[in-house]
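Using full-length UniProt numbering, the first residue of the sequence shown is number 1, and each one after it goes up by one. Heads up: the structure comes next, in structure tokens.
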Amino acid sequence: MIDSQTFSVTFPFAAAMPSWLEAMLGVALLFAVAVFVNWIVKQVILKFALQLLPKDGPTPAPIVARLANIVPALILARGVGLVVHLPAGLATAIHNVANAFIILTIILAMNAALNLANRLYQRRPDADHRPIKGYIQVLKILLFLAGTVLVIAVVMEQSPLLLLSGLGALAAVLMLVFKDTILSLVASVQLTSNDMLRVGDWIEMPALNADGDVIDIALHTIKVQNFDKTITSIPTYRLISDSFKNWRGMQDVGVRRIKRSLFIDQSSIRFLGEEDELSLRRFALIDDYLIRKQGELAQSNDQLVEHGGDVVNGRRLTNIGTFRAYVIAYLRAQTRVSGDMALLVRQLQPTAQGLPLEIYCFTATTIWSEYETIQADIFDHLLAILPEFGLRLYQAPSGHDVQRMSLGENAKKSIGVGDG
Numbered sequence: 001m002i003d004s005q006t007f008s009v010t011f012p013f014a015a016a017m018p019s020w021l022e023a024m025l026g027v028a029l030l031f032a033v034a035v036f037v038n039w040i041v042k043q044v045i046l047k048f049a050l051q052l053l054p055k056d057g058p059t060p061a062p063i064v065a066r067l068a069n070i071v072p073a074l075i076l077a078r079g080v081g082l083v084v085h086l087p088a089g090l091a092t093a094i095h096n097v098a099n100a101f102i103i104l105t106i107i108l109a110m111n112a113a114l115n116l117a118n119r120l121y122q123r124r125p126d127a128d129h130r131p132i133k134g135y136i137q138v139l140k141i142l143l144f145l146a147g148t149v150l151v152i153a154v155v156m157e158q159s160p161l162l163l164l165s166g167l168g169a170l171a172a173v174l175m176l177v178f179k180d181t182i183l184s185l186v187a188s189v190q191l192t193s194n195d196m197l198r199v200g201d202w203i204e205m206p207a208l209n210a211d212g213d214v215i216d217i218a219l220h221t222i223k224v225q226n227f228d229k230t231i232t233s234i235p236t237y238r239l240i241s242d243s244f245k246n247w248r249g250m251q252d253v254g255v256r257r258i259k260r261s262l263f264i265d266q267s268s269i270r271f272l273g274e275e276d277e278l279s280l281r282r283f284a285l286i287d288d289y290l291i292r293k294q295g296e297l298a299q300s301n302d303q304l305v306e307h308g309g310d311v312v313n314g315r316r317l318t319n320i321g322t323f324r325a326y327v328i329a330y331l332r333a334q335t336r337v338s339g340d341m342a343l344l345v346r347q348l349q350p351t352a353q354g355l356p357l358e359i360y361c362f363t364a365t366t367i368w369s370e371y372e373t374i375q376a377d378i379f380d381h382l383l384a385i386l387p388e389f390g391l392r393l394y395q396a397p398s399g400h401d402v403q404r405m406s407l408g409e410n411a412k413k414s415i416g417v418g419d420g
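Following this line, the structure appears as structure tokens:
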């Protein structure tokens, strides 16, 4: 320590000064030295050091800039004791505030280091599969909580352990305040460890009107850019408590399912006559099917007659069965329909709206526009060719149908056709 005699060498006229003025000049000189050193560090040393750092990609420049602020604070913390006639309370306050600033600077530098670590990790090819942004945010919360306790302890000149013991009484309040953070942390760990969600995944969550691509995974929220370009923010814990659909599996396999039904008017379903069978032989897709099926039915019916059975119990081709065979052959002939995945044409439970004939197959692409084009082309063809098999689609009567029936009744009455 420098006593008053040593300090008076700096100010030869200090003996003629009041003690309070001498203390103010000493504090002013101390702050001037701190400002000058800060300028030297920032404008000379720091600029030279930053030139040595790599220019491309994430750099530790923010960390170095933060740590540079420690130098003037150290000068204030250590030099305040050299100022004579400074009241003890004021000297202690300056010393404590300077030390608290040093702690805060270190905390901010560590925060910048966490940001740098996250940016470096995002450059990895598997970063989207297992993001660490949520964990980084948890570490930041713990870091700032610890920093707050240390700053308060330094300013109050109390042990941090004493302050932490006092926080035990506030545990219930802290649990309530950080409820969402705790839930989000647990959900984030589950999502990441189970690989349930990645940046770029297409997810669908009707309960929250989310249907689009995941663009950000954070601790508290998941951001989804919907296909109408709106952004939906989903609380992270809702992805665990509620259900959502992830279309990643479809994109990984490279196929997309078509599952749509044609509702056949059941009154149009019938057996095929010989003329019908000959007419349908025009379709190359089912020519082999008809030949094979006719031979199989002829052999079965011959055995029935030989055993004395009635021909009425024999087997016959139907237009709905032949149409199913045609649809299967048509789908298998399409290069845009995947031949490695399930392909079915099946009848579902009859309804009041007709007999559902479900087409179940997969396109060889997952691109939305191409998928819709392939699906439309398939059903355009099936709807147009359906009458060739003597089948009709079910359709509820429209205003035009009612008008046509009314005109038919009026025409009958005009020619004298009616009851009686």
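Using N, Cα and C, we set each Cβ at its ideal position, and we do this for glycine too. Source: prediction; values computed, not measured.
The closest CA to that of Gln-349, considering only Leu-317, Leu-82 and Ile-264, is found on Ile-264. The beta carbon of Ile-374 sits closer than 7 Å to the beta carbons of Arg-336 and Thr-363 from its chain, once the five residues preceding and following it are set aside; these are given in chain order. Straight across, the Cα-Cα distance linking Ala-34 with Thr-105 is about 16 Å. The segment 374-388 makes contact with the segment 318-332; the number of CB pairs closer than 8 Å reaches 3 or more.
Boundaries of the alpha helix (DSSP H) around Ala-109: 88-122.
Residue pairing by DSSP places Arg-346 opposite Glu-358 in a beta bridge. Rounded to whole angstroms, the gap between the alpha carbons of Asp-340 and Val-255 is 10 Å. DSSP, reduced to helix, strand and coil, places Gln-299 within a helical segment of the structure shown. Judged by beta-carbon spacing, Met-205 lies beyond the 8 Å limit of Phe-144, meaning their Cβ atoms are not closer than that value.
For Pro-131, the CB contacts under 6 Å within the same chain, skipping 5 residues up- and downstream, are Ile-217 in chain order. For Ile-217, DSSP records a beta bridge to Ile-222. With fewer than 16 other Cβ atoms inside 10 Å of its own Cβ, Thr-230 counts as exposed.
Using a 10 angstroms sphere on the CB of Gly-212, the tally of other CB atoms reaches 16 or more, which defines it as buried. Non-local C-beta neighbours of Asp-195 in its own chain, meaning closer than 8 Å and more than five positions away in sequence, comprise His-129 and Arg-130, ordered along the chain. In the DSSP assignment, Lys-259 forms a beta bridge with Tyr-360. A check of alpha carbon separations from Trp-368 across Val-154, Ile-385, Ile-286 and Phe-227 identifies Phe-227 as the nearest. Annotation: Met-341 is outside any beta strand (DSSP E) and is labelled neither H nor E by DSSP.
Under the DSSP assignment, Trp-368 falls in the alpha helix (DSSP H) whose first and last residues are 368-385. Rounded to the nearest whole angstrom, the C-alpha separation of Ser-233 and Ala-65 is 34 Å. Phe-31 carries a helical assignment under DSSP once its states are collapsed to helix, strand and coil.
Three or more Cβ pairs closer than 8 Å define a contact, and the segment 41-52 falls short of that threshold against the segment 78-87.
In terms of Cα proximity to Arg-78, the closest of Leu-30, Arg-315, Pro-160 and Phe-389 is Leu-30.
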